[in-house]
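To convert a position in the sequence shown, counted from 1, into this note's numbering, add 26.
Some notes on the structure that comes next.
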Amino acid sequence: MKLLEKILVGVEFGPTAPEVLDTAVFVAKHFSSEIILLHVVPGVSERYSDAIAMIRTDVEMELQEAVERVRAGGIDKVQTVVDFGIPYDLILQHANQKDVNAIILGAREKSQNALGTTAAEVRRNATKPVWLVKPGSSLPIKNVLCPVDFSEASGRSLRNVIHVARCFDANLTLLTVAPCSSSAHDMEKIAAEARRAGVEPESVLMDHYARDFDLHGVRWTKLIRKGNPHEEILKVVDEIEADLLVMGSAGRKGLARMLMGGLARKLASEMPCSIITVRLEHAFRPRVEPQGGDLDEFFKQGHELLALGFPEEAGRQFRQCLIKDKKFIPAWEGLAAVSQRLGRDEEAKQYLDRAEQAAQEQYHKQIEADVREQHFLFRPMFGATDKE
């Protein structure tokens with residue numbers, strides 16, 4: 027089951043191209059992804075068909091070198107696309123048409139003091155997650171930073187960064203810069219209770235917030251800072267030696283709102299490290315293939331989804347098993363594991379009780395069957411004879 031099926035890589039034939047390609051290979055190897063290499067030639071009118079044909083041939087030859095680098099890295103599934111027009115516009119078009127999971131682009135050298143126009147426009151307008159590769163960045167990814175403000179936008183970024191940290195075996199730091207705002211009433215209530223107890227509200231909120239995410243198999247820590255979000259993020263990037271910064275970039279309040287505006291633009295321009303911005307879509311989308319309603323396949327897919335960190339999706343597969351057979355014990359145990367993963371201990375206990383109940387019923391039925399088979403009073407009733 028693939029979580030990251032397709033990666034679109036915007037290829038520019040410059041000094042940072044190898045780093046962008048190596049990052050794409052690094053990601054694709056971890057997630058068994060297909061890589062699509064796209065180069066857009068700007069400023070050529072369709073009227074000049076002969077010139078376009080010549081340019082396409084030259085570009086395809088250069089792209090072939092990129093293909094060889096990708097394949098040398100161990101990726102077999104790679105295709106190339108050459109197009110003519112406005113680069114950022116065509117990158118967005120191809121990303122949507124090919125339904126890629128993520129876009130990888132290179133940022134400019136730090137001396138240029140700005141994110142390139144193409145990368146900036148893609149970051150600003152893409153519904154897909156965008157990975158901006160910092161010039162001079164190195165692999166593997168060891169330390170990842172994710173700022174959160176408990177909003178829907180930061181929730182999207184957190185769901186994505188968890189899979190990144192788990193698959194790359196990286197350390198994940200969740201950063202909250204106080205004061206934080208939250209639109210959820212229960213978050214405000216928790217914060218008020220924390221203040222009355224003399225506990226830092228943001229720390230309590232972070233603990234409560236994290237419970238809704240499947241962080242199993244992830245080494246993570248929380249940091250609570252006070253001050254200017256932009257300055258604090260930069261400080262923490264340096265402190266933890268972050269290789270990757272993952273941010274939500276679409277929200278209405280708090281940090282998410284600022285990230286959508288000037289803060290995101292600032293951080294992307296300064297590029298303290300490579301950056302992923304998550305706007306509307308998730309990069310990691312498990313695709314469950316229909317298997318004709320087979321109970322064992324439903325259970326297998328549920329088990330795989332739970333191992334990959336998708337407990338809600340796993341739960342749906344286990345429930346399909348129970349539609350087929352309400353006494354299928356592994357499915358009840360699977361639902362218990364899902365509930366435990368989500369911190370719903372009471373619900374998990376109920377599912378385990380159902381599994382035990384089903385097991386007891388099966389045990390008693392087996393005992394009864396054995397008795398009927400062996401006891402002489404029952405054997406004639408069922409047509410059994412000593413000659414059998």
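We put the CB at the ideal spot given by N, CA and C, even for glycine.
Item	Value
Which whole-angstrom value is the C-beta distance of residue 273 and residue 183, which I expect to be below 8 angstroms?	6 angstroms
Once DSSP output is grouped into helix, strand and coil, what is the label at residue 300?	strand
Measuring CB atoms only, is the region 166-176 touching the region 189-204, in the sense that at least three cross pairs come out at less than 8 angstroms?	yes
Is it true that the CB of residue 260 sits closer than 7 angstroms to the CB of residue 171?	no
Just checking my contact of residue 63 with residue 85 at CB under 8 angstroms: how many whole Å lie between their CB atoms?	No, residue 63 and residue 85 are not in contact; Cβ-Cβ is about 11 angstroms, not under 8 angstroms.
In three-state DSSP terms, what is residue 33?	strand
Does the beta-carbon of residue 65 have 16 or more other beta-carbons within 10 angstroms, so that it is buried, or is it exposed?	buried
Does residue 41 come out as helix, strand or coil in the three-state DSSP assignment?	coil
Buried or exposed: residue 377, going by 16 or more other Cβ atoms within 10 Å of its Cβ?	buried
In whole angstroms, what is the alpha-carbon distance linking residue 372 and residue 387?	23 angstroms
For residue 56, which of helix, strand or coil comes out of DSSP?	helix
Identify the continuous beta strand (DSSP E) that holds residue 274 and give its terminal residues.	270-274
Does the structure place the region 293-306 close enough to the region 331-347 that three or more beta carbon pairs sit under 8 angstroms?	no
What's the C-alpha gap between residue 351 and residue 27?	25 angstroms
Are the Cβ atoms of residue 61 and residue 101 separated by less than 7 angstroms?	yes
Ignore the nearest five residues each way along the sequence and tell me which others in residue 366's own chain have a CB closer than 8 angstroms to its CB.	374
Tell me the DSSP secondary structure of residue 109 in three-state form.	strand
If you count every other CB in all the chains shown that lies within 10 Å of the CB of residue 113, and 16 or more means buried, which is it?	buried
Can you name, in chain order, every residue of its own chain whose Cβ lies under 8 angstroms from the Cβ of residue 413, other than the five neighbours on each side?	Unreliable placement is indicated for residue 413, whose pLDDT of 48 sits below 50; the coordinate value is still reported in the next sentence. Contacts found: none.
Taking the continuous alpha helix (DSSP H) assigned at residue 151, which residues delimit it?	143-151
Tell me residue 65's beta-bridge partners as DSSP assigns them.	108
Relative to the C-alpha of residue 275, which candidate in 249, 153, 314 and 263 has its C-alpha closest?	153
DSSP state of residue 263, grouped into three classes?	helix
For residue 252, tell me which candidate among 50, 306 and 262 has the shortest Cα-Cα distance.	262
State the start and end residues of the unbroken alpha helix (DSSP H) segment that holds residue 248.	Unbroken run through residue 248 is the beta strand (DSSP E), 245-252; no alpha helix (DSSP H).
So, for residue 50: in the same chain, excluding its five sequence neighbours on each side, which residues have a beta-carbon less than 6 angstroms away from its beta-carbon?	33, 35, 61 and 130
Does the Cβ-Cβ distance between residue 110 and residue 67 come in under 7 angstroms?	yes
Mind checking which residues open and close the beta strand (DSSP E) that includes residue 129?	128-132
Determine the extent of the beta strand (DSSP E) in which residue 15 is found, giving its start and end residues.	In this structure the chain extends from 27 to 414, so residue 15 is not present and cannot be described.
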